[in-house]
Amino acid sequence: ETLKKPEAVSDADWTALKTNSSGILNSVISTTSKALKDFAGEVAAYKALLAIAPNDAATYSRMGVAYLQMNPPQVMDGMWALARAIALKVQGEAQVRAYLRGQVQRLQGGTVQCENLTDEQVNQMIALAGGAAERPASFKLPTADDLQKARDDTANFIPYLREGGEHGKLMWLATCGLDYPEIVAKVISVDAAADGSVVLHLFTGATSEETAAGTVADIEVKVLDQPDAKKVIVGDELKFAGTLTAYDQTPFLLHFEKGKVDPEFLPKDTKTPPKKKPGGKL
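Residue numbering for the sequence shown follows my numbering, beginning at 1082 and increasing consecutively.
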């Protein structure tokens, strides 16, 4: 910018010359910085190149990788740059998408059990990055620590899912696909499914008193290989284990698969002793 324009060169030609020279020099800087593992310098060079060509998908892709190689890694900015590259139809899109997905899994410690939720996070980020070159400061993905804290917050498990919003999203991301070894619930109704399974419609509350007073199911459990589960008594309470696979917010309903009722809560078959006939004979 400090260079003086020669008198014989037009303003348009001078601007074009400076722009072209800037592109060449910053390409050299980015390549050299990468070789020197100066990732901050590499990112700065890519930003200068994007000032010239704002929609260059390849530059965003390279910048995303550089962000992730910093010490410490600038994870969110790196993922956002990769997402923008995908939104701009970068060459080798499938490979970049797979790399971005892997970075999301790494951030979350591989603890998200429902893979479709990882894909949803990736797709949401790509959609948002398609409309914004810079990541909004408010946009973040939960970390492995965030997810573990949500799992440990058992008191808010159902309340947060009922609430929805950011609390609900975090809780669902943390709990979808988890195996729950013991949930106490009240039996509202029982159905037999076409595949031979038993479907229990249950209610669980925040307290034992709330559970006892429940009248509308907020849990649906599919029980396999336990035919006696159809004998549970409506209105009684039981304990069950199952895998949380889905939920509806309105009306609120948790869906569990691979359910198993604690045998202690299954009705026992009791046969009335036969009465003796006169004479002491049966």
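A virtual CB, placed ideally from N, CA and C, is assigned to each residue, including glycine.
Should residue i be labelled buried (16 or more other beta-carbon atoms within 10 Å of its own) or exposed?
i: PRO1223; result: buried
i: ILE1162; result: For the record, residue 1162 in the displayed sequence is Ala; it is not Ile. The residue is buried, with at least 16 neighbouring Cβ atoms inside 10 Å.
i: ASN1107; result: buried
i: VAL1109; result: exposed
i: ALA1303; result: According to the sequence as given, residue 1303 is Lys; it is not Ala. Burial call: buried.
i: ALA1166; result: buried
i: GLU1082; result: exposed
i: GLU1215; result: exposed
i: GLN1184; result: buried
i: GLU1155; result: In the sequence as displayed, the identity of residue 1155 is Gln instead of Glu. It is buried - the Cβ of GLN1155 has at least 16 other Cβ atoms within 10 Å.
i: GLY1360; result: No answer about GLY1360 holds up, because its pLDDT of 45 lies below 50 and its placement is not dependable.
i: VAL1090; result: exposed
i: SER1219; result: exposed
In the DSSP assignment, find the beta strand (DSSP E) that holds residue i and state where it starts and stops.
i: VAL1280; result: 1279-1284
Tell me residue i's beta-bridge partners as DSSP assigns them.
i: THR1112; result: For THR1112, which the question treats as bridged, DSSP gives no partner whatsoever.
i: GLU1338; result: THR1324
i: LYS1303; result: VAL1280
i: ASP1272; result: VAL1280
i: VAL1265; result: LYS1320
i: ASP1329; result: LEU1334
i: ASP1372; result: Only positions 1082 to 1363 of the chain appear in this structure, which leaves residue 1372 out of reach.
What first and last residue would you give for the alpha helix (DSSP H) that runs through residue i?
i: ASP1158; result: 1156-1168
i: GLU1247; result: 1246-1256
i: GLU1291; result: 1289-1294
i: GLU1082; result: No alpha helix (DSSP H) contains GLU1082, which DSSP labels as neither H nor E.
i: ASP1126; result: For the record, residue 1126 in the displayed sequence is Ala; it is not Asp. 1120-1133 is the extent of the alpha helix (DSSP H) around ALA1126.
At least 3 beta-carbon pairs within less than 8 Å: the stretch 1280-1297 vs the stretch 1241-1251
no
Quick check: the stretch 1195-1211 against the stretch 1143-1150, are at least 3 beta-carbon pairs closer than 8 Å?
no
Contact the stretch 1336-1346 vs the stretch 1318-1325: 3+ CB pairs below 8 Å:
yes
Would you call the stretch 1173-1190 and the stretch 1225-1239 in contact, with 3 or more CB pairs under 8 Å?
yes
Can you give, in chain order, each stretch of the alpha helix (DSSP H) that sits fully within the stretch 1202-1231 and has at least 4 residues?
Complete alpha helix (DSSP H) runs here, min 4: none at all.
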